[in-house]
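Report on the structure given below.
Residue numbers (my numbering): 12 to 278.
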């Protein structure tokens, strides 16, 4: 019982604040509240995970009292309320507004990370259109660069790696689609673009294994040898390279085993 007392007390405060508003015989639950009271109401609603109510209260505060002494805290709380209620486009907008209004604030790096994470949250699975993923890469790269040396920059850099891996997966899947339909030339083009754009991802050796298989199907032995040498030299620790090094079979078999059998899998 003692551990829940602060939460219980906050609820009492919220009820009192709403009661003050109701006493004014108005349809608005905020009527008659001061900026400080609005902030407290928004904070209590936020901590109670009532993010819809919190965002409405904080919007009321920010619009009605832009010069409020805790305007920065209110702005950041509003952005987080939108983020936690899965309204990522609105969250991105409010995090950006915080940075524009309070660029020197100690929590500006956290707000910048919020912009990054909002874009990450909008990124769909690899099989869908990746416009938001590409946008997330750009935004998060800027955060990692602008706030170097901060935890926010480190987290943004990790998100960049995850988003680039997703883009590489999308590119790989496109190539696998064409190889499954016996169009190896198109598959090779997709995988070569993957190698140029995302050489650091785990999908790069998988793409090389696919290229080996595609050239094997076409019968281009020289290209098979070149791709095999590149796989062994540039990605020697990859499962695909180990499969070749262990005598795992022809280049075509290495391609089928790469990426969890995605190349040789069903359509």
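By construction, the Cβ of each residue, glycine as well, lies at the ideal position given by its N, Cα and C atoms.
Small disclaimer: the values here were computed from a predicted structure and weren't measured.
Check: Rounded to the nearest angstrom, how far is the Cβ of residue 99 from that of residue 124, given a contact under 8 angstroms?
Finding: Actually they do not touch by this definition, with Cβ atoms about 14 angstroms apart.
Margin query: Taking the beta carbon of residue 111 as the centre, do at least 16 other beta carbons fall within 10 Å, making it buried, or is it exposed?
Written below: exposed
Next item on the list: Use the C-beta contact count for residue 39: other C-beta atoms within 10 angstroms, 16 or more gives buried, fewer gives exposed.
Entry: exposed
Check: From which residue to which residue does the alpha helix (DSSP H) around residue 222 run?
Finding: 214-229
Margin query: So, with DSSP's three-state summary, where would you put residue 97?
Written below: coil
Checklist line | 8 angstroms CB neighbourhood of residue 138 in its chain, flanking five on each side removed | finding: 181, 184
Checklist line | Neighbourhood of residue 253 by C-beta distance below 6 angstroms, restricted to the same chain and skipping five residues each side | finding: none
Checklist line | Cβ-Cβ distance between residue 94 and residue 109 below 9 angstroms | finding: no
Note to self: Let me make sure I understand the geometry here. Which of 60, 159, 79, 156 has the alpha-carbon closest to that of residue 49?
What the structure shows: 79
Next item on the list: Determine the extent of the alpha helix (DSSP H) in which residue 132 is found, giving its start and end residues.
Entry: 119-133
Item checked: residue 136 versus residue 219: straight-line alpha-carbon distance, rounded -> 23 angstroms
Next item on the list: Just the C-alpha distance for residue 160 and residue 244, rounded to the nearest angstrom, thanks.
Entry: 34 angstroms
Margin query: Under DSSP, the alpha helix (DSSP H) around residue 284 begins and ends at which residues?
Written below: Examination of residue 284 is not possible in this model, given that the chain is present from 12 through 278 alone.
Item checked: Test item: CB-CB of residue 147 and residue 157 under 9 angstroms -> no
Next item on the list: Take residue 228 as the anchor and find which of 89, 210, 192 has the nearest alpha-carbon.
Entry: 192
Checklist line | Span separating the alpha-carbon of residue 43 from that of residue 82 | finding: 19 angstroms
Next item on the list: Please look up how many angstroms separate the CB atoms of residue 92 and residue 73, rounded, as I've assumed it's under 8 angstroms.
Entry: Not quite, the Cβ-Cβ distance comes to about 12 angstroms (not below 8 angstroms), so this is no contact.
Next item on the list: Starting from residue 203, follow the alpha helix (DSSP H) in both directions and report where the run begins and ends.
Entry: 195-208
Note to self: Quick check: what's the CA-CA separation for residue 175 versus residue 154?
What the structure shows: 16 angstroms
Notebook entry, point to check: Would residue 2 be called buried (16 or more neighbouring beta carbons within 10 Å of its own) or exposed?
Noted result: An answer regarding residue 2 cannot be provided, because it is not within the stretch 12 to 278 covered by the chain.
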